[in-house]
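Every number in this note's numbering is 318 more than the matching position in the sequence shown, counting from 1. A short write-up of the structure that comes next.
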Amino acid sequence: MSDFESKYAARELPVGAFVTRLGPSPTGFVHLGNLYMAYINMKLARQTDGVFFLRVEDTDKKREVAGAIETLISSLSHFGISFDEGVIALPDGTLNEEGSYGPYRQSERKEIYDYFTEKLLTEGKAYHCFLTEDELAEIREKQEAAKLVTGIYGEWARYRDISTEEVRERISNGESYVVRLNADYAEGQSELKVFDGIRGELTMPANVMDVVIKKADGLPTYHFAHVIDDHFMRTTHVIRGEEWLSSLPIHIALFEALGFEPPTYCHTAVLMKIDENGTKRKLSKRKDPELSLSYYTSEGYHPLAIEEYLLTIINSDFEEWRAANPKSPTEDFEMKTDKMGVSGILVDIEKLNDVSKNTLVNISAEELADFMEEWAMAARPELAAVFKQNRITLERAIDIGRSGDKPRKDLAYAAQIFDFLSFFFDEYFEITDEPPENVLAGDVNVLLLAYLDSYDHNDDRDIWFDKIRAIAVANGYAAKPKDFKKNPDDYKGHVGDVSTVIRLALVGRTSSPDVYEIQQILGEQKVRARIQAMLG
Ligand code: GLU
């Protein structure tokens, strides 16, 4: 047993606890897939009293982007993702490491990878390979011409059996080399049976490739590093994207070669969308702004709505659970790997908006107003001051029509909510619609003047509306829409046309929530000022 086994001893956790991890490569772009993966890993660990950690997979130095991990952690934390262990962000945003299973950056774990590379070399399960780029290209060409599987295996594995002396000599001559797994040490296994936590029992061809485990730059490949790390970090479930499924035989072969027990692999389905042509395709960084996580922050989706949506697309029984438990917190829902989809998960913004509307109904106006302020500060700084100055208006405006048995469910995300409520703020108020057709041009002023004259801010709703009705009748408009419908020739229009003129003056649009409530929020002064302004 190596010292590493005792240094990184088995974790003391309750039976059934999941130890999961996120293994990002520091390449910059933070996308919905990162959040989706992080959320699944975190939720499964938390609901079993396990551990969720972050390991930085930075063995590809060429692709590294400075600050990428800081950005990833802060973007994910906005949506409620936090790590128990590993690379974590301090309150000032700088990175630190926490936990006894580190270091948690692969670039700092060379010693442990080298130890096990040496071990495999000594045991004859790995070998030094001196094939040059040109030779590799030549092999590939020959294999393609002969319609063979490409790669280094069997007869193509020219350096499998060279002597230790030759290896030493070539190395001392400064020849570049990689270390490859000798796949043939496990000869005889042609088929692999492996259990995937999401996909169930899988039968795959066993690995025959002498894959690279240590690159010419001395760093391990993903294949090798993750096997070592997940073993010594005592990961119980490797939950990762479907794109890794085809390498699973390699990973199982490496676990076997090292004599480690593999964790349970869970390969999640890829995020897809139905595009304009009706075809289902992978979300693309270039074509789909909704792939980027910043899309959701700048549009101002509430973290709880995003969580709710993720659960909807992740677990097939979530919606049913939610219908039965409309007010329960998501912590009460038990996520199950065997209820996850196995092929393309559809990301659909319309559906997200629906989910979001249902989620926001359960969040108090006060909290939503806080959220709007935070969103404004981050995404629309010019709005932040307006919200602050008009905080009470903001809160009351958000709350219009939300109480009672049939609360309004039309608030979906901050940018849309603002659009909806912007007329409350003088800076953003503008008249964008036209008066209704039934109202003759000359009548607009007449109706508004009469309204201004009769307006008493203390009127209750009934008296207020009776006054509008009286104005309508006095000016040739039917007191009820149905009277107008019955005898259209007797009237210019009906009371609805009159109230629409008033709405237009107050809101700038011909449709809006209840005008009476809006007036109460605007206050008498603003109501009068806006009517006056439209009078010109
Ligand atoms: N570094 C890998 C990636 O960026 C992580 C895959 C895994 O979770 O094992 O996709």
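Glycine included, C-beta positions come from ideal geometry on N, C-alpha and C.
Bridge partners - Gly-811, DSSP secondary structure assignment: Along the sequence shown, read from residue 1 onward, the residue named residue 811 stands at position 493. Answer by DSSP bridge pairing, in chain order: Tyr-795.
Outcome for Val-383 when other beta-carbon atoms lying within 10 angstroms are tallied against a minimum of 16: For the purposes of this step, residue 383 is taken as residue 65 along the sequence shown, with counting starting at 1. Classification of Val-383: exposed, given that the 10 Å Cβ count is below 16.
His-555 CB to nearest heavy atom of the ligand GLU below 8 Å: The sequence position of residue 555 within the sequence shown is 237, counting from 1. The answer is no for His-555.
As assigned by DSSP and simplified to three states, the class of Asp-514: Within the sequence shown, the letter at position 196 stands for residue 514. Correct three-state label for Asp-514: strand.
Own chain residues within Cβ distance below 8 Å of Ile-430, not counting five before or after: By one-based count along the sequence shown, residue 430 stands at place 112. Excluding sequence neighbours, Ile-430 sits near Phe-322, Ile-546, Phe-550.
Validate contact between the region 332-343 and the region 363-380 using beta carbons, cut 8 Å, 3 pairs: yes
Three-state secondary structure (DSSP) of Asn-359: By one-based count along the sequence shown, residue 359 stands at place 41. Reduced to three states, the DSSP call for Asn-359 is helix.
With 16 other Cβ atoms within 10 Å as the buried cut-off, status of Ile-592: Mapped onto the sequence shown, residue 592 falls at position 274. Counting Cβ neighbours within 10 Å, Ile-592 comes out exposed, since fewer than 16 surround it.
Segments assigned beta strand (DSSP E), at least 3 residues, entirely inside the region 486-558: The qualifying runs are 496-499, 509-514, 518-523, 530-532.
For Arg-458, three-class secondary structure by DSSP: Counting from 1 along the sequence shown, the entry for residue 458 is found at position 140. In this structure, Arg-458 counts as helix in the three-state DSSP scheme.
Check: Glu-375 C-beta below 8 Å from any heavy atom of the ligand GLU: Within the sequence shown, the letter at position 57 stands for residue 375. Yes, Cβ of Glu-375 sits closer than 8 Å to a heavy atom of the ligand GLU.
Close-in-space but distant-in-sequence residues of the same chain around Ala-823 (CB under 7 Å, 5 per side omitted): The sequence position of residue 823 within the sequence shown is 505, counting from 1. Cβ within range, chain order: Leu-766, Arg-848, Ile-849, Met-852.
Exposure of Ser-674, with buried meaning 16 or more beta-carbon neighbours within 10 Å: Taking the first residue of the sequence shown as position 1, residue 674 is located at position 356. Result: buried.
Rounded Cβ spacing between Ser-602 and Leu-609 (contact assumed at less than 8 Å): Within the sequence shown, the letter at position 284 stands for residue 602. Within the sequence shown, the letter at position 291 stands for residue 609. Contact flag correct, Cβ pair sits at about 7 Å.
Residue closest to Phe-313, alpha-carbon to alpha-carbon, out of His-541, Leu-331, Gly-596: Only positions 319 to 854 of the chain appear in the structure, and residue 313 is not among them; the question remains open.
His-544 beta carbon near the ligand GLU (any heavy atom closer than 8 Å): Here residue 544 is taken as the residue at index 226 of the sequence shown, counted from 1. The answer is yes for His-544.
Inside the region 692-726 only - alpha helix (DSSP H) runs reaching at least 4 residues: 699-707, 709-717
Residue from Ala-641, Met-690, Leu-390, Asp-502 with nearest C-alpha to Thr-345: Translated into the one-based positions of the sequence shown, residue 345 becomes position 27. Among Ala-641, Met-690, Leu-390, Asp-502, the Cα nearest to that of Thr-345 is on Leu-390.
Backbone CA spacing between Ile-473 and Ser-343 [nearest angstrom]: On the sequence shown, position 155 is the one that residue 473 refers to. On the sequence shown, position 25 is the one that residue 343 refers to. Reading off the sequence shown, one finds Glu at residue 473, where the question assumed Ile. Going by the C-alpha atoms only, they are around 34 Å apart.
Own chain residues within Cβ distance below 8 Å of Ser-481, not counting five before or after: On the sequence shown, position 163 is the one that residue 481 refers to. Excluding residues within five positions, none has a Cβ falling inside 8 Å.
Which of helix, strand or coil DSSP assigns to Asn-776: Counting from one through the sequence shown, the residue named residue 776 turns up at place 458. Coil, per DSSP.
Cβ pair count under 8 Å reaching 3, the region 484-504 against the region 441-449: These segments touch.
Proximal residues to Gln-461 (C-beta, below 6 Å), its chain only, five neighbours per side dropped: Along the sequence shown, one-based indexing puts residue 461 at 143. If we look at Gln-461 and ignore the five residues flanking it on each side, its Cβ neighbours are Thr-468.
Nonlocal neighbours in the same chain, by C-beta distance under 6 Å from Leu-840, ignoring five residues either side: The sequence position of residue 840 within the sequence shown is 522, counting from 1. Counting only Cβ-Cβ distances below 6 Å, and skipping sequence neighbours, we find nothing.
6 Å Cβ shell around Pro-799 - same chain, five flanking residues per side excluded: The residue labelled residue 799 in the question sits at position 481 within the sequence shown. His-812, Gly-814, listed in sequence order.
Extent of the continuous beta strand (DSSP E) to which Lys-465 belongs: Locating residue 465 in the sequence shown gives position 147, where the first residue counts as 1. Annotation: Lys-465 is outside any beta strand (DSSP E) and is labelled neither H nor E by DSSP.
Close beta carbons around Asp-376, own chain, < 7 Å, minus the five adjacent residues each side: Numbered from 1 along the sequence shown, position 58 holds the residue referred to as residue 376. In the same chain as Asp-376, and ignoring 5 residues on each side of it, the C-beta atoms closer than 7 Å to its own belong to Ser-343, Pro-344, Glu-382, Arg-423, Gln-424, Ser-425, in chain order.
Thr-615 versus Gly-515 - alpha carbon distance: In the sequence shown, residue 615 corresponds to position 297, counting from 1. In the sequence shown, residue 515 corresponds to position 197, counting from 1. So the two alpha carbons sit approximately 32 Å from each other.
Ile-786 in three-state terms, based on DSSP: Counting from 1 along the sequence shown, the entry for residue 786 is found at position 468. In the structure shown, Ile-786 sits in a helix (DSSP, three-state: H, G or I).
Same chain, Cβ closer than 6 Å to Val-825, neighbours up to 5 away in sequence not counted: If you number the sequence shown from 1, residue 825 lands on position 507. Counting only Cβ-Cβ distances below 6 Å, and skipping sequence neighbours, we find Phe-741.
Cβ neighbours of Pro-567 in the same chain (closer than 6 Å, five flanking residues each side left out): Within the sequence shown, residue 567 is the residue found at index 249, counting from 1. Leu-510, Met-522, Ala-524, Asn-525, listed in sequence order.
Nearest residue (CA-CA) to Met-590, options Asp-635, Gly-662, Ser-564: Within the sequence shown, numbered from 1, the residue matching residue 590 stands at position 272. Residue Gly-662 is the option with its Cα nearest to Met-590.
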